[in-house]
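Structure first, then comments.
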Amino acid sequence: MKILDKYILKRYLGSFFFIVMLSSMLSVVIDAAEKINDFLAEDGPTFYQVVFEYYLNFIPFLNSLIFPLYNLIAVVFFTSRLAANSEFIAMIGNGVNHYRLLVPYLLGASIIAGLHFYGNHNLIPESNKTRTLFENTYIYKHNFVGNTGNFHAAASPYEEFYLQGFNRYDSTGSLFAWIKHDSSRLKRTSVWTATKIRLLEPPNHWRLSGIKKREKVSAFKDEVITMPPQVTIDTTIGLYVTDLIKRDNHKDNMTTDELIVYINKQKAKGIGGTLVFEVERYRRSADPFSIFILTLIGFSIASRKMRGGMAWHLVVGFGLSAIYIFMTKFSTTFSINGGLSPFVGVWVPNFFFMGVAIWMLFRAQK
Numbered sequence: 001m002k003i004l005d006k007y008i009l010k011r012y013l014g015s016f017f018f019i020v021m022l023s024s025m026l027s028v029v030i031d032a033a034e035k036i037n038d039f040l041a042e043d044g045p046t047f048y049q050v051v052f053e054y055y056l057n058f059i060p061f062l063n064s065l066i067f068p069l070y071n072l073i074a075v076v077f078f079t080s081r082l083a084a085n086s087e088f089i090a091m092i093g094n095g096v097n098h099y100r101l102l103v104p105y106l107l108g109a110s111i112i113a114g115l116h117f118y119g120n121h122n123l124i125p126e127s128n129k130t131r132t133l134f135e136n137t138y139i140y141k142h143n144f145v146g147n148t149g150n151f152h153a154a155a156s157p158y159e160e161f162y163l164q165g166f167n168r169y170d171s172t173g174s175l176f177a178w179i180k181h182d183s184s185r186l187k188r189t190s191v192w193t194a195t196k197i198r199l200l201e202p203p204n205h206w207r208l209s210g211i212k213k214r215e216k217v218s219a220f221k222d223e224v225i226t227m228p229p230q231v232t233i234d235t236t237i238g239l240y241v242t243d244l245i246k247r248d249n250h251k252d253n254m255t256t257d258e259l260i261v262y263i264n265k266q267k268a269k270g271i272g273g274t275l276v277f278e279v280e281r282y283r284r285s286a287d288p289f290s291i292f293i294l295t296l297i298g299f300s301i302a303s304r305k306m307r308g309g310m311a312w313h314l315v316v317g318f319g320l321s322a323i324y325i326f327m328t329k330f331s332t333t334f335s336i337n338g339g340l341s342p343f344v345g346v347w348v349p350n351f352f353f354m355g356v357a358i359w360m361l362f363r364a365q366k
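First residue of the sequence shown: 1, per UniProt numbering; consecutive thereafter.
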């Protein structure tokens, strides 16, 4: 690595981590002001829990969401200063090619993108397990989502469940059906129905009441047994309470490997509702890649000395960032609600802005 590369790389990484530090401090102040009532409640957390269980894990999570934006600001910030001091003119005047200057930029982007990639897939989800437990206990106590009505799931190829309604407050469900099929899946071997079902112990220990059992005893005969209303059966079945309800931040605390297993399991059960998790899976790879794109855009904007200096460079950079974020949100929302493939929805903004970055780079050279 040449002295020039070390010089630019040092300025790049120094600016980036300085911006991350300032933003983290500001985010903690704003977040603490917003949640101070939850922290000071009678049943609230201790100071140790707030600092070491929440904020120590909250800061990496929040930063991971806007790492690409931090990167763009850092590139524009230090590149504008180099351009304002005519350092680029001196470098090019000494025979350094304009594109050769990109080498330390891309090296710095690789370091940041590598950290971001590893964090997104492994480190951040692991730290989120502590953060989300804290949030669910002290802040967002009722952030449940899930199937509270007309639920259907296949526990195996030969076993399925139906439930008309589920109340998460008392863990009871109504109009329950448990159907078993033969090996051909063409005939039902037994059907258990219950007017009421109650969760006794997570994740899948239930109490059935108002029970009726229909069992096939021959090719043309079914045996029907209706049990008295006071009779209940406690049993462990393939219906899990996590199939019915889950925390809204459930996707945040799964590593990518855990996320893939969860998505496949939900699809196998026929439950659906996996699009949010699929978008999250692809986002974890798309965000690090966007760091390279925004580095090229930032370099193209700020490497030319222009009237207005750094302020104008930052305005243009923030404007493009706003368009990028809007396009990302639009495409991912369309993936979840509009039928667009999650992979396409997550990656389309990157493909589009890669073209923009290349075009801007050629214009900057001219």
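Glycine included, every Cβ here is placed at the ideal spot set by N, Cα and C.
Please read all numbers here as calculations on a predicted model, not as lab measurements.
| Check | Outcome |
| --- | --- |
| Uninterrupted alpha helix (DSSP H) stretches inside the stretch 256-306 (no shorter than 4 residues) | 256-269, 275-302 |
| Per-residue DSSP class, three states only, for Q164 | strand |
| Bridge partner(s) assigned by DSSP for R188 | H181 |
| Contact check, N57 vs R131, beta carbons under 7 Å | yes |
| Continuous alpha helix (DSSP H) stretch holding I124: start and end | 124-138 |
| Three or more C-beta pairs below 8 Å linking the stretch 341-358 and the stretch 282-297 | yes |
| Per-residue burial, D243 [other beta carbons within 10 Å of its own, 16 or more giving buried] | buried |
| Min CB distance G173 to chain B below 7 Å | Of the chains in the structure shown, none is chain B; there is only one protein chain. |
| Outcome for V20 when other beta-carbon atoms lying within 10 angstroms are tallied against a minimum of 16 | buried |
| Nearest-angstrom Cβ-Cβ length linking T274 and I260, presumed shorter than 8 Å | About 11 Å separates the two Cβ atoms, so there is no contact after all. |
| Any 3 or more C-beta pairs closer than 8 Å across the stretch 108-117 and the stretch 10-25 | yes |
| Where E34 falls: helix, strand or coil (DSSP) | helix |
| Cβ-heavy atom distance, K6 to the ligand FAD, below 6 Å | Absent from the structure shown: the ligand FAD. Ligands present: none. |
| Residues bridged to R198 (per DSSP) | T172, R207 |
| Among F88, V224, K212, D248, the one whose alpha carbon lies nearest that of V231 | K212 |
| For N97, the three-state DSSP class (helix, strand or coil) | coil |
| N150 in three-state terms, based on DSSP | strand |
| Element boundaries [beta strand (DSSP E), containing D234] | 232-236 |
| Short Cβ contact (7 Å threshold) for P229 with Y282 | no |
| 7 Å Cβ shell around H181 - same chain, five flanking residues per side excluded | Y158, K187, R188, T189 |
| The stretch 35-54 contacting the stretch 86-93, beta-carbon criterion three pairs below 8 Å | no |
| Whole-Å CB distance - F166 paired with A194, under 8 Å assumed | No, F166 and A194 are not in contact; Cβ-Cβ is about 13 Å, not under 8 Å. |
| Element boundaries [beta strand (DSSP E), containing I66] | Unbroken run through I66: none, as it is neither H nor E. |
| Close-in-space but distant-in-sequence residues of the same chain around G44 (CB under 7 Å, 5 per side omitted) | D38, Y138 |
| Contact set for M227: own chain, Cβ-Cβ below 6 Å, skip 5 residues either direction | I211 |
| Test item: CB-CB of L75 and T328 under 7 Å | A small fix is needed here, since residue 75 is Val in this sequence, not Leu. No, Cβ-Cβ distance for V75 and T328 is not below 7 Å. |
| Own chain partners of V241 with C-beta closer than 6 Å, once the 5 adjacent residues on each side are dropped | L199, P202, P203 |
| C-beta atoms of F352 and Y105 nearer than 7 Å | no |
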